[in-house]
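Be aware that the sequence shown starts at -12, since it is given in our numbering, and climbs by one per residue. Structure, as structure tokens:
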Amino acid sequence: MYTPNKNKNSDIGDFYELLGVSRNASEQEIKDAYRKLALKYHPDKNRDEKAQEHFKMISIAYSVLSDPNKRRQYNVSGPSTAMANFEGIDISELGGFGRFFGAMVSSFGFKIPTQIRPKVLAQAIDICKGKESDTRLIPGVPIDNSMSNQEAHFYRFDVSNDSRHGVIIRCKSHSKSKFKLVLFDKDGSVRDIKESQKRKHCTSAELFFLPFQRIEIPEFSPMHHLMEDKETPLPFHYLDALETQGANLSELIQPNYILCVYGDNFLSQVKYKITFLPLPINEQANLAIETIRQIEPVLQNKKQEMKQFQKEYMDLKTRWEAAKAKLKKEDEDITNLLKAREEGYDRLFDACMLAYRPVNVEVATSNGGGGFFSFLGK
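So, in structure tokens, the structure goes:
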């Protein structure tokens, strides 16, 4: 059965307490403690939903305390800001156990931020200087490719007359690989990064350059909200990260751009398909754009409506919880009173019966007599 200790000071909990180690524990002690707890609360061995949540929490604790820099930062900032200050990790620096740990945690829905290797960023600068080659993206021609994790494939796309109405670049992985789609400026500096997001049958990331305003909605991570706010139902958080993005087609001022697909898996090879698509002007595209432009303002309004509704809901929930507590108390009080009343009537009945109980009379006998029967015998 699931019986973890609860920390009163933080919804996440104290990381040392979660792992059951002291604040001066060694790296090996932290690793041993995590392995022991991971075996105990692993979803394959413990089907309790709360145990699965606890498994993810101890995994977060380990990811911080096993890194000397993050552990030092955690010791200063404490649990309340640990996740806010949790920077991405460089997977290439992790050992075999670290990669296995990262892959396992990711498979249970927790997103671990990762960094792009400095080597890849240096490659982008070299490509922009003409020192390395890249692959040109041809409009409407998908490219299927694969690569090792923490490697990058570089591509170039041209901004021509065909792109004057808009540009969409989509990268998809039907093997559900994790990756980053990174756009660079002409000098090789990072301009934009899109993380792959889980879809129904794949993972995907897109770059949009369109002549109209649109919204960005990052992948929803339930665990983040469950750790910080267990009391609020998840639907109130679906649109928390929604952001408005203005029309940005005019930002494509260079004749061509460099981008890369960066493999972000912890263990396995990254497989993907990338497609460069100038926005056409035809009936199908216009209908799709019209649908998007009708739906997205509604979602923007929903975000504000849900904020207001959340306040109303939580107020009603507080009152409902108070009403349930009162009902429980009234239930107990009335039950006890009915029981006491019944006992009172029973005692009254017993008291009334005392007046009608037969009196026990003892018949005295003389020393020389033989009692009643001796009298009859005379």
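Glycine included, C-beta positions come from ideal geometry on N, C-alpha and C.
Take the Cβ of Met44 as the centre, count every other Cβ of all protein chains shown within 10 Å, and call the residue buried at 16 or more, exposed below.
Here residue 44 refers to the residue found at position 57 of the sequence shown. Label assigned to Met44: buried.
Assuming Pro265 and Val154 make a contact with CB atoms under 8 Å, what is their CB distance in whole Å?
Counting from 1 along the sequence shown, the entry for residue 265 is found at position 278. Counting from 1 along the sequence shown, the entry for residue 154 is found at position 167. At roughly 6 Å, the Cβ-Cβ gap stays under 8 Å, so Pro265 and Val154 are in contact.
So the alpha helix (DSSP H) Cys339 belongs to, where does it begin and stop?
The count along the sequence shown starts at 1 and reaches residue 339 at position 352. Run containing Cys339: 270 to 341, per the alpha helix (DSSP H) assignment.
Rounded to a whole number of angstroms, what is the C-alpha to C-alpha distance between Arg22 and Asn252?
On the sequence shown, residue 22 is found 35 positions in, with the first residue counted as 1. On the sequence shown, residue 252 is found 265 positions in, with the first residue counted as 1. In a straight line, the C-alpha of Arg22 is about 22 Å away from that of Asn252.
To the nearest angstrom, report how far apart Leu52 and Val8 are at their CA atoms.
Reading the sequence shown from its first residue, position 65 is the one you call residue 52. Reading the sequence shown from its first residue, position 21 is the one you call residue 8. Leu52 and Val8: Cα-Cα distance of roughly 11 Å.
To the nearest angstrom, how far is the alpha carbon of Lys159 from that of Leu197?
Along the sequence shown, one-based indexing puts residue 159 at 172. Along the sequence shown, one-based indexing puts residue 197 at 210. Cα to Cα, Lys159 sits roughly 20 Å from Leu197.
Measure the C-alpha to C-alpha separation of Ala425 and Val285 and round it to an integer number of angstroms.
No answer is possible for residue 425: it lies beyond the span of the chain, which begins at -12 and ends at 365.
Could you check the C-alpha separation between Arg143 and Lys217 for me, to the nearest Å?
Looking up residue 143 in the sequence shown gives position 156. Looking up residue 217 in the sequence shown gives position 230. Taking the straight line joining both Cα atoms gives about 45 Å.
Quick one: Cα of Leu335 to Cα of Leu341, how far?
Here residue 335 is taken as the residue at index 348 of the sequence shown, counted from 1. Here residue 341 is taken as the residue at index 354 of the sequence shown, counted from 1. Cα to Cα, Leu335 sits roughly 10 Å from Leu341.
Around the C-beta of Val128, are 16 or more other C-beta atoms found within 10 angstroms, so that it is buried, or is it exposed?
Sequence index remark: in the sequence shown, residue 128 carries index 141 (1-based). Val128 should be labelled exposed.
Taking the straight line between their C-alpha atoms, what separation do you get for Val107 and Ala234?
By one-based count along the sequence shown, residue 107 stands at place 120. By one-based count along the sequence shown, residue 234 stands at place 247. Approximately 30 Å between the Cα atoms of the pair.
With the cut-off set at 7 Å, would you say Leu226 and Leu194 are in Cβ contact?
By one-based count along the sequence shown, residue 226 stands at place 239. By one-based count along the sequence shown, residue 194 stands at place 207. No, the Cβ-Cβ distance between Leu226 and Leu194 is not below 7 Å.
Using a Cβ-Cβ cutoff of less than 6 Å, which residues in the same chain neighbour Ile204 once the five nearest sequence positions on both sides are dropped?
What you label residue 204 is simply residue 217 of the sequence shown in a count that begins at 1. If we look at Ile204 and ignore the five residues flanking it on each side, its Cβ neighbours are Leu229.
To which residues of the same chain is Ile245 closer than 7 Å at the C-beta, ignoring the five residues directly before and after it?
Taking the first residue of the sequence shown as 1, we reach residue 245 at position 258. Here the set comprises Ala111, Ile114, Cys115, Asp121, Phe141, Arg143, Phe171.
Count the other C-beta atoms from every protein chain shown that fall within 10 angstroms of the C-beta of Val177, then say buried if there are 16 or more, exposed otherwise.
Against the sequence shown, residue 177 aligns to sequence position 190. Exposed, by the Cβ-count rule.
What are the residues that DSSP puts in a beta bridge with Cys247?
As a position in the sequence shown, residue 247 is number 260, starting the count at 1. DSSP output for Cys247 lists Phe141, Val169 as bridge partner(s).
Taking the Cβ atom as the reference point for each residue, do Lys181 and Ala192 lie within a distance shorter than 7 Å?
As a first step, residue 181 must be located in the sequence shown, where it is residue number 194. As a first step, residue 192 must be located in the sequence shown, where it is residue number 205. Contact: yes.
Out of Leu26, Glu40, Leu24, point me to the one whose CA is closest to Pro209's CA.
One-based indexing of the sequence shown puts residue 209 at position 222. Of Leu26, Glu40, Leu24, the residue nearest in Cα terms is Glu40.
What residue range is occupied by the uninterrupted alpha helix (DSSP H) comprising Asp19?
Locating residue 19 in the sequence shown gives position 32, counting from the first residue. Looking at the DSSP string, the run of the alpha helix (DSSP H) that includes Asp19 is 14 to 28.
Applying the 10 Å Cβ sphere with the 16-neighbour rule, what's the burial state of Tyr3?
In the sequence shown, counting from the first residue as 1, residue 3 sits at position 16. Its Cβ being crowded by 16 or more others within 10 Å, Tyr3 is buried.
Between Asp131 and Ser46, what straight-line distance do the alpha-carbon atoms span, to the nearest angstrom?
Position 144 of the sequence shown holds residue 131. Position 59 of the sequence shown holds residue 46. Their Cα atoms are separated by approximately 34 Å.
Report the three-state DSSP secondary structure of Thr68 (helix, strand or coil).
Translated into positions along the sequence shown, residue 68 becomes position 81. Bear in mind that the predicted position of Thr68 carries a pLDDT of just 48, short of 50, making it unreliable; the figure below should be weighed with that in mind. Reduced to three states, the DSSP call for Thr68 is helix.
Could you spell out where the alpha helix (DSSP H) holding Ile112 opens and where it closes?
The sequence position of residue 112 within the sequence shown is 125, counting from 1. From DSSP, the alpha helix (DSSP H) with Ile112 extends over 105 to 115.
Ala69: buried (16+ other C-beta within 10 angstroms of its C-beta) or exposed?
Against the sequence shown, residue 69 aligns to sequence position 82. Any reading at Ala69 needs caution, since the residue's pLDDT is 49, under 50, leaving its predicted position unreliable; the model's value is listed next. Ala69 comes out buried.
Check whether the Cβ atoms of Gly250 and Asn136 sit closer than 7 Å, and answer yes or no.
Position 263 of the sequence shown, counted from the start, is the residue given in the question as residue 250. Position 149 of the sequence shown, counted from the start, is the residue given in the question as residue 136. A contact, by the Cβ cut-off of 7 Å.
Answer yes or no: do Tyr28 and Ala12 have a C-beta to C-beta separation smaller than 7 Å?
What you label residue 28 is simply residue 41 of the sequence shown in a count that begins at 1. What you label residue 12 is simply residue 25 of the sequence shown in a count that begins at 1. No, these two residues do not count as a Cβ contact at 7 Å.
Label Ile125 either buried or exposed according to how many other C-beta atoms from any shown protein chain fall within 10 Å of its C-beta, with 16 as the threshold for buried.
On the sequence shown, position 138 is the one that residue 125 refers to. The residue is exposed, with fewer than 16 neighbouring Cβ atoms inside 10 Å.
Mapping the DSSP letters down to three states, classify Pro(-9) as helix, strand or coil.
Taking the sequence shown and counting its residues from 1, the one referred to as residue -9 is at position 4. Confidence in Pro(-9) is poor, its pLDDT being 43 and thus under 50, which makes the residue's placement too unreliable to answer from.
With DSSP collapsed to three states, give me the class of Glu230.
What you label residue 230 is simply residue 243 of the sequence shown in a count that begins at 1. The three-state secondary structure of Glu230, taken from DSSP, is strand.
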